[in-house]
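To keep things clear, I will list the structure first and then write my remarks on it.
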Amino acid sequence: MCSRLSRAAGSPCRISLHPSFKATHDGKKPATGRQKEALMSRSIEFDDDLTKEAATSILDSALHASHEPITESQAKWLSKHNIADNDMPKTKAEAIIFIGNTLTQISMATDQQKTYLKNLNPSINAEVSTA
2 MCSRLSRAAG SPCRISLHPS FKATHDGKKP ATGRQKEALM SRSIEFDDDL
52 TKEAATSILD SALHASHEPI TESQAKWLSK HNIADNDMPK TKAEAIIFIG
102 NTLTQISMAT DQQKTYLKNL NPSINAEVST A
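Using my numbering, the final residue of the sequence shown is 132, and nothing's skipped along the way.
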């Protein structure tokens with residue numbers, strides 16, 4: 002670790018990685034336990050030296066390639082917000098994107114737009130707050 006004294010003296014501050022970490026993961030963070038569990042639950046094989054970045058990429062690809070139906074909690078959220086049947090996402094991946102985009106639009110709305118949204122659809126009052 003670098004001390005304030007070494008930084009104040011102009012000494013370069015370097016944190017050395019354990020040699021086995023550097024050799025195994027090429028200096029990148031290893032995949033997390035949750036990532037490994039998610040890969041195993043989808044029967045995706047992986048190497049012991051899998052990095053966090055690679056695991057994220059594999060899981061994203063698997064999610065978008067899957068045709069898993071929307072989850073119960075996604076269906077409840079969509080139903081609560083009165084999403085029309087023709088706009089309703091059909092897969093889990095589509096629902097993740099749809100819900101994320103909707104929440105982003107709500108969070109970026111002006112106060113006037115938020116008031117309009119509240120009046121238009123009272124069910125979103127909990128998620129739209131005017132400050």
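No residue lacks a Cβ here, since even glycine has one placed at the ideal position from N, Cα and C.
Asked: Is the beta carbon of Ile-107 sitting closer than 8 Å to the one on Leu-118?; Found: yes
Asked: Alpha carbon to alpha carbon, how far is Lys-115 from Val-129? Give it in angstroms, no decimals.; Found: Confidence at Val-129 is low in this model, with a pLDDT of 48, below 50, so its placement is unreliable and no value can be given for it.
Asked: What is the C-beta distance between His-65 and Ala-94, in whole angstroms, given that I count them as a contact (C-beta under 8 Å)?; Found: 5 Å
Asked: What is the DSSP secondary structure of Tyr-117, reduced to helix, strand or coil?; Found: helix
Asked: Output the distance between the C-alpha atoms of Ala-76 and Asn-102, rounded to the nearest integer angstrom.; Found: 16 Å
Asked: What are the start and end residues of the alpha helix (DSSP H) that includes Arg-43?; Found: Arg-43 -> no alpha helix (DSSP H), and no H or E assigned at all.
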